[in-house]
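Below is one structure, written out as structure tokens; the observations come after it.
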Amino acid sequence: MTDLRKSGIAAGRLDHETLLTNFADLHAPLDPHEAAVAADRCYFCHDAPCITACPTAIDIPLFIRQIATGQPEAAAQTIFEQNILGGMCARVCPTETLCEEACVREAAEGKPVEIGRLQRHATDTRMAQQGHPFTRAALSGKRVAVVGAGPAGLACAHRLAMKGHDVVILEARAKPGGLNEFGIAAYKSTDDFAAREVEWLLGIGGISIEYGKALGGAITLEGLRAEYDAVFLGMGLGAVNGLPVDGADKDGVADAVDFIADLRQASDLATLPVGRNVVVIGGGMTAIDAAVQSKLLGAESVTVAYRRSQAQMGASRYEQDLATSKGVRLLTDVMPKAIHGNGAVREIELEYTAEVDGRLQGTGETLRLPADQVFRAIGQKLAVLDGLDLANGKIAINGAGRTSVPGVWAGGDCTPGEDLTVVAVAEGRDAAEDIDAALRG
Numbered sequence: 326m327t328d329l330r331k332s333g334i335a336a337g338r339l340d341h342e343t344l345l346t347n348f349a350d351l352h353a354p355l356d357p358h359e360a361a362v363a364a365d366r367c368y369f370c371h372d373a374p375c376i377t378a379c380p381t382a383i384d385i386p387l388f389i390r391q392i393a394t395g396q397p398e399a400a401a402q403t404i405f406e407q408n409i410l411g412g413m414c415a416r417v418c419p420t421e422t423l424c425e426e427a428c429v430r431e432a433a434e435g436k437p438v439e440i441g442r443l444q445r446h447a448t449d450t451r452m453a454q455q456g457h458p459f460t461r462a463a464l465s466g467k468r469v470a471v472v473g474a475g476p477a478g479l480a481c482a483h484r485l486a487m488k489g490h491d492v493v494i495l496e497a498r499a500k501p502g503g504l505n506e507f508g509i510a511a512y513k514s515t516d517d518f519a520a521r522e523v524e525w526l527l528g529i530g531g532i533s534i535e536y537g538k539a540l541g542g543a544i545t546l547e548g549l550r551a552e553y554d555a556v557f558l559g560m561g562l563g564a565v566n567g568l569p570v571d572g573a574d575k576d577g578v579a580d581a582v583d584f585i586a587d588l589r590q591a592s593d594l595a596t597l598p599v600g601r602n603v604v605v606i607g608g609g610m611t612a613i614d615a616a617v618q619s620k621l622l623g624a625e626s627v628t629v630a631y632r633r634s635q636a637q638m639g640a641s642r643y644e645q646d647l648a649t650s651k652g653v654r655l656l657t658d659v660m661p662k663a664i665h666g667n668g669a670v671r672e673i674e675l676e677y678t679a680e681v682d683g684r685l686q687g688t689g690e691t692l693r694l695p696a697d698q699v700f701r702a703i704g705q706k707l708a709v710l711d712g713l714d715l716a717n718g719k720i721a722i723n724g725a726g727r728t729s730v731p732g733v734w735a736g737g738d739c740t741p742g743e744d745l746t747v748v749a750v751a752e753g754r755d756a757a758e759d760i761d762a763a764l765r766g
């Protein structure tokens, strides 16, 4: 816990009105006329590259044509059939490196069809109406345990419920949503959308959630296998990589994921403390989200320090440009060497890096930056989990999420692959289809 008396970290750097403006919706929703104009730009390609680029394989030309012909509800149905969390994915997907990058308009004009905003228009329209878009099949009498109420677990649970199975989700936290609720920048998911989307998803019926239930201790994999007909693991990555430098234990050094979670759950952003001089270590989306939100909370100087080049950053160029537009400095080819201060952080010492024979190493040249708050955003790892084969520190899977243990499937961030919400949804959905086939013999 940071001792605020010994650091430059403080709450209330900005007034409420400014904070509301800073954390407003990053992209305003399209109104019906704007959606019609945006949809009219689509070529409705027969062999559409945007579909291939979408991890959930949504028929994008079809849903855009449905919007263009005044049928946003039908468009939403097209989306939800492939991606039941299409509302959140429309807000947080890096469309600039997925469907919109593949768009023919992008190749021809450098300006793609606004697929993400059109998807949001359709899904928001349908979610505002009464009733759930899917009904359950005849009950199968089978029960499935889903560990984790994040994107993968929710997508798996919904598809299983739709197939007629009963699902119990075991969630370690006190709220569902996983990354969507706790790990995404607040300006990407406003008006408590993540929680509202989960409530809407559960409207299909057949899904219950038990909170404060984490795998480990009293809840074991063997116990779940004995109690349920199948098990799906979608608990994400629970542990955070440490920062192996002197001074990493000083007041003011914290995990970026915890900072983002605290911000997302804060009822009043003016009560959230932030430093004057903030340094974020890392180059992925979490690093960018932590850096931008630090600036929006009133930090005077925010720097993202990444050990490789800007082109090698995990965050997309769009997100990098968003950060710089908010006043965040991107400092590349540097790695942390030490954190200085008497009890609390006062400076961070960085060492310049270079690739030699394909390996990254320090050059011996250093620089120091003033810092009263340092966030670690250098990746997460799987918490200790016995009995399952691993691959690169994650749960090894084959086919549609099958693990090395019979009757156990997995998907999302706890398995190899890209750590994206849309990928987690696809893996949860596909695992559910495979579980259904297995349960029906």
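Residue numbers (this note's numbering): 326 to 766.
Virtual Cβ for every residue (Gly too), placed ideally from N, Cα, C.
Quantities reported herein were computed from a predicted structural model and do not represent experimental measurements.
- C-alpha of Thr746 to C-alpha of Gly737: approximately 8 Å in a straight line.
- Between the alpha carbons of Leu713 and Ile720 lies a gap of roughly 7 Å.
- Taking a cut-off of 8 Å for Cβ pairs, the stretch 651 to 661 and the stretch 433 to 440 do not touch, as fewer than three such pairs fall below it.
- Straight through space, the alpha carbons of Tyr677 and Arg754 are spaced by roughly 44 Å.
- The alpha carbon of Ala539 has as its nearest neighbour, out of Ala511, Ala640, Leu495, the alpha carbon of Leu495.
- By the Cβ test, the stretch 541 to 558 is not in contact with the stretch 605 to 625, since fewer than three Cβ pairs between them sit closer than 8 Å.
- Secondary structure at Ser619: helix, using DSSP grouped into helix, strand and coil.
- In the three-state reduction of the DSSP assignment, Glu680 falls in the strand class, which pools E and B.
- Here the alpha carbon of Met487 sits roughly 18 Å from the alpha carbon of Tyr553.
- Counted as a single uninterrupted DSSP element, the stretch harbouring Ala573 is not any beta strand (DSSP E), since DSSP gives it neither H nor E.
- Annotation for Arg451: Glu398, Ala401 place their beta carbon closer than 6 Å to its own, counting only its chain and skipping 5 residues before and after.
- By the Cβ neighbour-count rule, His490 is buried, with 16 or more other Cβ atoms within 10 Å of its own.
- Cβ atoms of Ile673 and Val605 stay farther apart than 8 Å, at about 10 Å.
- Under the 10 Å beta carbon count, Asn408 is surrounded by 16 or more other beta carbons and is classified as buried.
- Note on geometry: alpha-carbon atoms of Val556 and Val733 lie some 5 Å from one another.
- Between the C-alpha atoms of Thr515 and Trp525 there is a straight-line separation of about 16 Å.
- Beta-bridge pairing by DSSP links Gly766 to no other residue.
- Under the three-state reduction of DSSP output, Asn408 falls in the coil class, being neither helix nor strand.
- Counting C-beta pairs with one atom in each stretch, the stretch 410 to 429 and the stretch 516 to 535 have three or more that are closer than 8 Å, which means they touch.
- Between the stretch 594 to 614 and the stretch 691 to 698, the count of Cβ pairs shorter than 8 Å is three or higher; the stretches touch.
- For the pair Val469 and Ala482, the CB atoms are nearer than the 9 Å cut-off.
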